[in-house]
Structure formats: C-alpha cells, structure tokens
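Participant:
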Amino acid sequence: MTTIPVKSSITTEKVARYVIEKIHPDTEIELGLRLQTLKLPQYGMISSSDVGNFLSTLVLTANTKKAIEVGTFTGYTALKIASALPSGGKLICCDISQEWAAIGRPYWEKAGVASKIDLRIAPAMDTMMTLTSEAGSFDFAFIDADKSNYPNYYEACLQLLRPGGLMVLDNMLWDGAVADESVTDETTVTLRNLNSKIKNDTRVNCSLLTVGDGLMLVRKK
Ligand SMILES: C[S@@+](CC[C@H](N)C(=O)[O-])C[C@H]1O[C@@H](n2cnc3c(N)ncnc32)[C@H](O)[C@@H]1O
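Right, here's the structure in full:
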C-alpha cells in the first residue's frame with residue numbers, strides 16, 4: 494500500500510497522519526486522483542485530505558451555489574468543493590495548465606460532479622477580469638495558485654464575493670516562514686504583508702488557521 498506523504502511543518506507528523514488517516518481519509522475516488530497525482534514530480538502541490546474536508550464543510554456552511562477556485566492543478570480541491578455543491582451549483586476553476594487539469598477530469602466524471610465545474614485555462618487574473626459583471630454573486634472562493642499574485646487574487650475575489658461570502662487562502666503560513674522576521678525572501682514577505690493587510694481590513698472578518706500550511710479564512714462583511 495502506498496504511504497501518503499503528509500505535510501507536517503505546522504504540527505507533528507504523528508498528529509497530521511492521525512487527522513488525515515483516521516478522521517478525514519479520502520474517498521476511493523479522491524484516493525485514485527491522489528495516487529495518480531503522486532506520480533508527478535510536482536505532486537507536493539496537491540492539498541491534504543484535512544484541507545479538502547475543511548473546504549467541503551465550508552462550502553456547505555456558506556450554502557454555496559457559486560464558487561471560484563484559483564489554482565486547480567490536478568483537480569483534487571475542485572473535486573472536494575464541487576462535491577459539496579448542490580445540483581445546479583457551479584465552480585469556476587482557474588489554471589494555466591490544461592495538462593494537469595486533464596488528469597482530474599475523469600475523477601470529476603466518476604464522482605458525478607464534472608457538469609458543475611467550469612474550467613478556464615488562462616492566467617487567473619484574466620479569467621477574473623471576465624467575471625466583473627458577476628461581482629457580488631459568488632458564495633465561496635479558494636485561492637491556491639502563484640503566490641506573487643495573492644494580493645491581486647484577494648482583491649479580485651473580494652469583489653466577486655457576496656456579503657457574508659467566504660474566501661480561503663492556502664499556504665498563508667508558508668512553512669512557518671511568515672513567523673520568522675529574519676526570513677525576507679519575496680514570497681514570504683508578500684504572504685506576511687497580506688496576512689497583516691487582511692487582519693486590518695475593515696471589509697472582512699478573518700481567522701488564520703494552522704491547518705495544512707496555514708489557511709486564512711475570510712468572511713466578507
Ligand atoms: C498548488 S497548485 C493548486 C493545487 C490544488 N488547489 C489542489 O490542492 O489540488 C497551484 C496551481 O496554480 C496554477 N497557477 C500558477 N500560476 C497561475 C496563474 N497565473 N493563473 C492560474 N493558475 C496558475 C498552477 O498551474 C498550479 O496548477
């Protein structure tokens with residue numbers, strides 16, 4: 494049996510493994526997609542099952558009918574989000590790689606959620622520019638793409654969300670680097686500054702969670 498690698502920079506490997514194996518294991522279809530993804534050199538980009546489960550729970554909690562994902566990779570988190578949408582619900586997925594997203598499609602189909610997913614292959618900011626007429630109509634947004642654009646994705650998703658809508662930004666602890674002021678590389682500084690900006694943003698409520706690599710949960714007022 495393949496041992497699924499766990500990301501345990503924020504917690505211990507033992508605790509991380511308990512959570513993903515005993516409490517939030519992947520379904521058979523999700524596991525199929527994860528094992529397929531593990532064959533890629535970039536497999537580390539796939540979210541862990543506890544993160545996936547948290548996204549599904551939030552999508553249900555926010556009574557989500559319309560969602561957007563920025564950064565789809567092989568489609569694991571898209572599968573988790575789309576599975577929690579009601580029939581007729583819609584998830585717009587933004588990615589620049591047709592090849593990676595194509596790996597996920599058969600699993601979306603097997604899970605019966607492919608018709609809810611609208612995959613847009615283009616730089617995510619370009620895709621979001623095409624959605625300005627739909628501002629204020631999205632219930633949920635998940636950001637998990639190129640870190641240098643996170644500040645732009647935050648602003649664009651905030652415009653798309655309805656009041657009370659939820660946004661989640663992944664990797665906001667950046668392996669713990671944001672907490673170490675002596676680390677000043679561009680990505681760490683971008684994410685550290687964005688955490689501060691969100692914390693002080695009067696347009697939102699927020700909570701930075703030590704789940705996975707740090708999930709910033711944002712609620713638009
Ligand atoms: C961390 S992976 C997403 C993982 C996925 N959410 C999951 O957990 O399975 C980041 C993705 O962002 C995509 N990406 C990078 N730059 C992008 C851009 N400018 N616009 C859209 N997607 C981009 C990459 O192609 C990659 O698939």
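Each number in this note's numbering comes from the position in the sequence shown (counting from 1) with 493 added on.
Ideal Cβ positions, reconstructed from N, Cα and C, are used throughout, including at glycine.
Nothing here was measured: the structure is a model prediction, and the numbers come from that model.
1. Beta-carbon separation of Thr703 and Phe633 under 8 Å?
2. Can Asp637 be considered in contact with ligand 1, in the sense that its beta carbon sits closer than 7 Å to one or more heavy atoms?
3. Is the separation between the beta-carbon of Met716 and that of Asn688 shorter than 8 Å?
4. Is it buried or exposed for Leu528, if we count other Cβ within 10 angstroms and need 16 for buried?
5. Count the CB pairs spanning the stretch 676-692 and the stretch 579-589 that are closer than 8 Å, and state whether there are at least three.
6. Shorter than 7 Å, the distance from the beta carbon of Ser726 to the closest heavy atom of ligand 1, or not?
7. Output needed for Ala628: all residues of its chain with C-beta closer than 7 Å, excluding positions within five of it in sequence on either side, in chain order.
8. I'd like to confirm something about Gly707: is its beta-carbon nearer than 7 Å to some heavy atom of ligand 1, or not?
9. Please state the DSSP three-state secondary structure of Gly658.
10. When the distance is taken between beta carbons, is Ser549 closer than 8 Å to Ile513?
11. Could you compute how far the alpha carbon of Thr495 sits from the alpha carbon of Asp694?
12. Tell me whether Val682 sits in a helix, a strand or coil according to DSSP, three-state version.
13. Which residues bound the beta strand (DSSP E) around Thr562?
14. So the candidates are Leu531, Phe631 and Asp637; which of them puts its Cα closest to the Cα of Arg655?
15. List, from N- to C-terminal side, the alpha helix (DSSP H) runs of 4 residues or more that fit wholly inside the stretch 544-615.
16. Just how far apart, CA to CA, sit Asp543 and Tyr536?
17. Measuring only from the beta carbon, is Thr565 closer than 7 Å to any heavy atom that is part of ligand 2?
18. Less than 8 Å between the C-beta atoms of Lys583 and Lys609, yes or no?
19. Report all residues from its chain with a CB closer than 6 Å to the CB of Leu612; omit the five preceding and five following residues, and keep chain order.
20. Take Ser541 as the anchor and find which of Thr520, Val682 and Ala555 has the nearest alpha-carbon.
Facilitator: On the basis of the supplied data:
1. Numbered from 1 along the sequence shown, position 210 holds the residue referred to as residue 703. Numbered from 1 along the sequence shown, position 140 holds the residue referred to as residue 633. No; because the gap between Cβ atoms is not below 8 Å, this pair is not in contact.
2. In the sequence shown, counting from the first residue as 1, residue 637 sits at position 144. When distances are taken from the beta-carbon of Asp637 to the heavy atoms of ligand 1, the shortest one is below 7 Å.
3. Any question about residue 716 goes unanswered here, given that the chain covers just 494 to 714.
4. Sequence index remark: in the sequence shown, residue 528 carries index 35 (1-based). Exposed.
5. Judged by Cβ distances under 8 Å, the stretch 676-692 makes no contact with the stretch 579-589, as fewer than three pairs qualify.
6. Here the chain comprises residues numbered 494 to 714, so residue 726 is not present and cannot be evaluated.
7. Mapped onto the sequence shown, residue 628 falls at position 135. Scanning its chain for C-beta atoms nearer than 7 Å, with the 5 sequence neighbours on each side dropped, one finds around Ala628 the residues Gln652 and Leu653, in chain order.
8. For the purposes of this step, residue 707 is identified with residue 214 of the sequence shown, where counting begins at 1. Relative to ligand 1, even the nearest heavy atom lies 7 Å or more away from the CB of Gly707.
9. As a first step, residue 658 must be located in the sequence shown, where it is residue number 165. In the structure shown, Gly658 sits in a strand (DSSP, three-state: E or B).
10. One-based indexing of the sequence shown puts residue 513 at position 20. One-based indexing of the sequence shown puts residue 549 at position 56. No.
11. Along the sequence shown, read from residue 1 onward, the residue named residue 495 stands at position 2. Along the sequence shown, read from residue 1 onward, the residue named residue 694 stands at position 201. In a straight line, the C-alpha of Thr495 is about 43 Å away from that of Asp694.
12. On the sequence shown, position 189 is the one that residue 682 refers to. Three-state result, Val682: helix.
13. Taking the first residue of the sequence shown as 1, we reach residue 562 at position 69. Residue 562 is actually Glu in this sequence, not Thr. That run of the beta strand (DSSP E) goes Lys559 to Val563.
14. Mapped onto the sequence shown, residue 655 falls at position 162. Comparing Cα-Cα distances from Arg655 to each of Leu531, Phe631 and Asp637, the minimum goes to Phe631.
15. The qualifying runs are 569-577 and 591-603.
16. The count along the sequence shown starts at 1 and reaches residue 543 at position 50. The count along the sequence shown starts at 1 and reaches residue 536 at position 43. Taking the straight line from one Cα to the other gives about 17 Å.
17. This structure lacks ligand 2; its bound ligands are ligand 1.
18. Taking the sequence shown and counting its residues from 1, one reaches residue 583 at position 90. Taking the sequence shown and counting its residues from 1, one reaches residue 609 at position 116. In contact: Lys583 and Lys609 (Cβ atoms closer than 8 Å).
19. Indexing the sequence shown from 1 puts residue 612 at position 119. Spatial neighbours of Leu612 in its own chain (CB-CB distance under 6 Å, excluding positions within 5 residues in sequence) are listed in chain order as Cys586 and Ala594.
20. In the sequence shown, residue 541 corresponds to position 48, counting from 1. Cα-wise, what sits closest to Ser541 is Thr520.
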